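First up is the structure itself, then whatever we jot down about it.
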Amino acid sequence: MWRYILPGAVFLVLVGFLGAGLFRDPTLVPSPLIGKPAPAFSLPKVENAAETISLEQYKGRVFVLNVWGTWCVACRQEHEMLLAIAREGVVPLVGLNWKDDRTQAQAWLAQLGNPYDASAFDEEGRVGIDWGVYGAPETFLVDGNGQVLFKYISPMTREVWEKEFLPRIQTARQGATS
Amino acid sequence: MKHFAVGLVIALLVVMQPASAFDSELAFQDPAMQERYENMTRLLRCPMCQNQAIADSPVGVAADLRRELREQMAAGRTDLEIMDFMTARYGDFILYNPPVKPKTWLLWAAPVLLLLIGLVSAAVVIMRRSKGEMDDAADDTSNPGAGTA
């Protein structure tokens, strides 16, 4: 009897593991920053090198940090959605212009529209490293206490925004007011 | 002896290649530091191009991480401190050697477990076989079609 059940059971366990692996995206590296304080930064703005943008300025506010670059094709893909989010105005969008060229970044914003409250110009990618950025686009949600709530890797879509971001923004605000 | 010499030269050439084909120059003048640097670039995994170490990857983030590594080594930080810096940002994912913790114990124990299962199964089979013809015959009647091999 066992000689049938045992290999069968082993086989099913293997199928379970392999099957689970099949439906996971191995290119998504889980961020260890979730639930931790957002890494501080203070960088010149893309729009104006004389002005600084820092984490401090968003203290007490729920905000979204979106990592982008003009070299990033998928960023162009999500740009319309970012503009829509900006229009709806639920939270401020902070840009992290990552490893880019300022002139090109400015041209991008002028041409396609600027969804951001402001964009930080991280030419050397150091702030990117602090945030564990490895590709663009990446989108972080930070709450009023400066805690990273969520990270989404891939172009933003309406579905992701409504399913993953909006509910978290709501709970973050309820938590803050209670 | 001649073969040995040739082999040694080839081995040295392999060992002496720069840490990354993408670093234009040596990171450190001190050979010991350079060796340490090269070892570290092979222990850190590129988060973007996942089957490469940061030593082997041409993408920007790998170059940035190599720069970070160089600067931190130059500042006198230990390997452990640098690894902590990296995992705080990119998670255990960035380590080619995953740490032993509850989540990974199965991963680390699997080779030993599989070996044990193999040994036990082999022992059971051998003991059954060595019991002789009588048991085999009994086996056959209880399992028609199971074969007599």
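Sequence lines, in order, name chains A and B.
Quick note on numbering: this note's numbering labels position 82 of the first sequence as 82, and the sequence is numbered without any gaps.
Quick note on numbering: this note's numbering labels position 90 of the second sequence as 90, and the sequence is numbered without any gaps.
We treat Cβ as the ideally placed atom computed from N, Cα and C, and that holds for glycine.
None of these values were measured; they are calculated from a predicted model.
Flag residue i as yes if its beta-carbon sits less than 8 Å from any beta-carbon of chain B, otherwise no.
| i | result |
| --- | --- |
| serine 31/A | yes |
| alanine 172/A | no |
| valine 13/A | no |
| lysine 99/A | yes |
| proline 37/A | no |
| tyrosine 58/A | no |
| glycine 16/A | no |
| threonine 139/A | no |
| tyrosine 134/A | yes |
| glycine 125/A | yes |
| threonine 27/A | yes |
Would you identify the three-state DSSP class for residue i, choosing helix, strand or coil?
| i | result |
| --- | --- |
| asparagine 51/B | coil |
| tryptophan 85/B | One point to set straight first is that residue 85/B is phenylalanine, not tryptophan, in the sequence displayed. If DSSP states are grouped into helix, strand and coil, phenylalanine 85/B belongs with the helices. |
| leucine 71/A | A quick correction: the sequence has tryptophan, not leucine, at residue 71/A. Of the three classes helix, strand and coil, the one that applies to tryptophan 71/A here is coil, per DSSP. |
| asparagine 39/B | helix |
| proline 99/B | coil |
| leucine 33/A | coil |
| glutamine 106/A | helix |
| glutamine 174/A | helix |
| phenylalanine 28/B | coil |
| valine 61/B | helix |
| valine 148/A | strand |
| methionine 1/A | coil |
| glycine 128/A | helix |
| alanine 106/B | The displayed chain sequence assigns leucine, not alanine, to residue 106/B. Correct three-state label for leucine 106/B: helix. |
| alanine 122/B | helix |
Compute the distance between the beta-carbons of residue i and residue j, then report whether it is under 8 Å.
| i | j | result |
| --- | --- | --- |
| serine 154/A | glycine 91/B | no |
| leucine 136/A | tryptophan 98/A | Inspection of the sequence shows that residue 136/A is occupied by alanine rather than by leucine. A contact, by the Cβ cut-off of 8 Å. |
| glycine 140/A | tryptophan 131/A | Contrary to the premise, residue 140/A reads as phenylalanine rather than glycine in this sequence. Their beta carbons are under 8 Å apart, which means phenylalanine 140/A touches tryptophan 131/A by this criterion. |
| isoleucine 34/A | valine 142/A | no |
| asparagine 175/A | glycine 60/A | According to the sequence displayed, residue 175/A carries glycine and not asparagine. No; because the gap between Cβ atoms is not below 8 Å, this pair is not in contact. |
| cysteine 82/B | methionine 127/B | The question names cysteine, but residue 82/B in the sequence shown is isoleucine. No, the Cβ-Cβ distance between isoleucine 82/B and methionine 127/B is not below 8 Å. |
| valine 64/A | alanine 172/A | no |
| aspartate 64/B | glycine 125/A | yes |
| alanine 62/B | methionine 48/B | yes |
| glutamine 72/B | phenylalanine 85/B | yes |
| valine 46/A | serine 119/A | yes |
| tyrosine 37/B | arginine 70/B | yes |
| leucine 93/A | leucine 109/A | no |
| proline 115/A | alanine 74/A | no |
| isoleucine 5/A | arginine 89/B | no |
| leucine 112/A | asparagine 66/A | no |
| threonine 87/B | leucine 95/B | yes |
| glutamate 78/A | aspartate 100/A | no |
| proline 222/B | leucine 107/B | One cannot answer for residue 222/B here, as it falls past the ends of chain B, which runs 1 to 149. |
| phenylalanine 22/B | proline 58/B | yes |
| glutamate 159/A | lysine 151/A | no |
| leucine 43/A | valine 133/A | no |
Which residues does DSSP list as the beta-bridge partners of residue i?
| i | result |
| --- | --- |
| isoleucine 153/A | Glu138/A |
| serine 204/A | Past the boundaries of the shown model lies residue 204/A; chain A is included only from 1 to 178, so the question cannot be answered. |
| isoleucine 53/A | Leu43/A |
| asparagine 66/A | Gly95/A and Thr139/A |
| arginine 158/A | Bridge partners of arginine 158/A: none, in fact. |
| leucine 44/B | Leu95/B |
| glutamine 111/A | None, per the DSSP bridge assignment. |
Using beta carbons (cut-off 8 Å, strictly below), is residue i in contact with chain E?
| i | result |
| --- | --- |
| aspartate 130/A | Annotation note: the requested chain E is absent from the structure, which comprises protein chains A and B. |
Under a CB-based cut-off of 8 Å, is residue i close to chain A?
| i | result |
| --- | --- |
| leucine 65/B | yes |
| glutamine 50/B | yes |
| glycine 145/B | Residue confidence for glycine 145/B is low, a pLDDT of 49 falling below 50, so the modelled location carries little weight; the figure read from the coordinates is stated next. No, its Cβ sits nowhere closer than 8 Å to a Cβ of chain A. |
| proline 47/B | yes |
| arginine 129/B | no |
| glutamate 68/B | yes |
| valine 100/B | no |
| glycine 118/B | no |
| phenylalanine 22/B | no |
| tyrosine 37/B | no |
| tryptophan 108/B | no |
| threonine 41/B | no |
| arginine 158/B | Chain B is shown only over 1 to 149; residue 158/B falls outside these bounds and no answer can be derived. |
| threonine 148/B | Because threonine 148/B sits at a pLDDT of 48, beneath the cut-off of 50, its placement in the model cannot be relied upon, and the following sentence gives the value as read from the coordinates. So, not an interface residue. |
| phenylalanine 93/B | yes |
| valine 61/B | yes |
Between residue i and the ligand COA, is there a pair consisting of the residue's CB and a ligand heavy atom that are separated by less than 7 Å?
| i | result |
| --- | --- |
| phenylalanine 23/A | With respect to small molecules bound, the structure shown includes none, and the ligand COA cannot be examined in it. |
Determine, using beta-carbon pairs with one atom in the region 39 to 46 of chain B and one in the region 99 to 108 of chain A, whether at least three such pairs fall under 8 Å. no
Touching or not, the region 16 to 26 of chain A and the region 76 to 87 of chain B, by the rule of three or more beta carbon pairs under 8 Å? no
Okay, do the region 44 to 55 of chain A and the region 156 to 169 of chain A touch, 3+ Cβ pairs below 8 Å being the bar? Because the criterion of three Cβ pairs below 8 Å is not met, the region 44 to 55 of chain A and the region 156 to 169 of chain A do not touch.
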